[in-house]
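Engineer: The structure that follows is given in the form of structure tokens.
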Amino acid sequence: MDDKSRLHLQKMVKEYETEETTDKIRDVKHSKLIKQDVETMIHLKRKYTRMDTSTLLTMAQNQCGFLWKNYTNIFNKLFNDYLDLNILNKFIMILSKIENGKYDQHEASALVGQILKEIYIDSAIKEGDVKEKKRNGAKKKKKQKKDNVKKISWKEFKNMNME
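Sequential numbering from 1 applies to the sequence shown in UniProt numbering.
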């Protein structure tokens with residue numbers, strides 16, 4: 001985040017009187033525990049691919065207890081392969097940087113917002129551009145086909161088929 005953005009963020013934080021939880025995040029230090037349980041879950045799912053789902057779930061709940069008890073939604077999405085691990089790792093790294101004092105909660109929130117913008121908004125714009133190019137390409141092809149057609153009268157057509 002550049003200095004101009006940081007100043008703008010600080011102004012907004014003061015203006016809207018947001019709750020300060022940076023110290024709480026730094027005290028509990030959950031990033032290492034989350035990362036450890038995520039890695040354990042990935043290892044279990046790779047090692048026991050043939051295991052019955054309910055048995056694997058019980059095993060994961062026991063071995064990834066911190067994630068199961070404190071971040072159940074993340075646990076379930078991770079277990080069901082609904083999370084992109086690259087994005088999850090980026091978020092865990094940002095959380096770790098809050099804990100280490102590199103960012104406060106507001107700077108980290110802005111970074112997470114940038115990542116989400118790249119995922120949702122930028123990709124939607126890119127998808128729209130690709131669809132527009134395809135539509136424009138299809139229109140050009142139709143126009144080219146029409147240009148190659150020679151217009152003839154009914155009389156000329158009849159003469160061509162009579163011969």
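Ideal Cβ placement from N, Cα and C applies to all residues, glycine included.
Treat the numbers as computed from the prediction; the structure is a model and nothing was measured.
So for aspartate 150, helix, strand or coil by DSSP?
Structural biologist: Checking the sequence, you will find lysine at residue 150 rather than aspartate. It is coil, neither helix nor strand.
Engineer: Cα separation between aspartate 81 and methionine 93?
Structural biologist: 20 angstroms
Engineer: Going by Cα to Cα distance, which pick from Gly65, Lys126, Lys150 is closest to glutamine 79?
Structural biologist: Position check: residue 79 holds phenylalanine in this sequence, whereas glutamine was assumed. Sorting Gly65, Lys126, Lys150 by C-alpha distance to the C-alpha of phenylalanine 79 places Gly65 at the top.
Engineer: Output yes or no for whether 9 angstroms exceeds the beta carbon distance between asparagine 89 and lysine 35.
Structural biologist: yes
Engineer: Using the Cβ count rule (16 or more neighbours within 10 Å means buried), how would you classify valine 130?
Structural biologist: exposed
Engineer: Can you tell me which of the three DSSP states lysine 77 falls into?
Structural biologist: helix
Engineer: Would DSSP call arginine 50 helix, strand or coil?
Structural biologist: Arginine 50 carries a coil assignment under DSSP once its states are collapsed to helix, strand and coil.
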